[in-house]
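Chemist: I have a structure I would like to understand better, so I am pasting it below and will then ask my questions one at a time.
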Amino acid sequence: MELLKIIFAILLPPLGVFMQVGFGGAFWLNILLTLCGYIPGIVHAVYIIARRSN
């Protein structure tokens, strides 16, 4: 399941974060980062998924 979240985080970063945390603050921050630049959104999404998977 974590691999699927990582794939979604690369393809559509807010979706990967949503699958991990729901409509929390990290989700909205990721939408903002993705709108500012696709790469910052990916980095944030992968970080959120990796940090919360432990």
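The numbering of the sequence shown is our numbering, which starts it at 53 and goes up by one.
All C-beta atoms, glycine included, are put in the ideal place defined by N, C-alpha and C.
This structure is a prediction, so every number in the text was calculated from the model and none was measured.
Going by DSSP in three states, Gly89 sits in which element: helix, strand or coil?
Modeler: Of the three classes helix, strand and coil, the one that applies to Gly89 here is coil, per DSSP.
Chemist: Consult DSSP for Met53 and reduce its assignment to one of helix, strand or coil.
Modeler: coil
Chemist: From which residue to which residue does the alpha helix (DSSP H) around Phe75 run?
Modeler: No alpha helix (DSSP H) holds Phe75; DSSP gives it neither H nor E.
Chemist: Write down the C-beta distance between Phe75 and Pro66 rounded to the nearest angstrom, noting that I regard them as a contact closer than 8 Å.
Modeler: The Cβ separation is near 10 Å, so there is no contact.
Chemist: Compute the Euclidean distance between the alpha carbons of Ile101 and Gly93, then round it to the nearest angstrom.
Modeler: 12 Å
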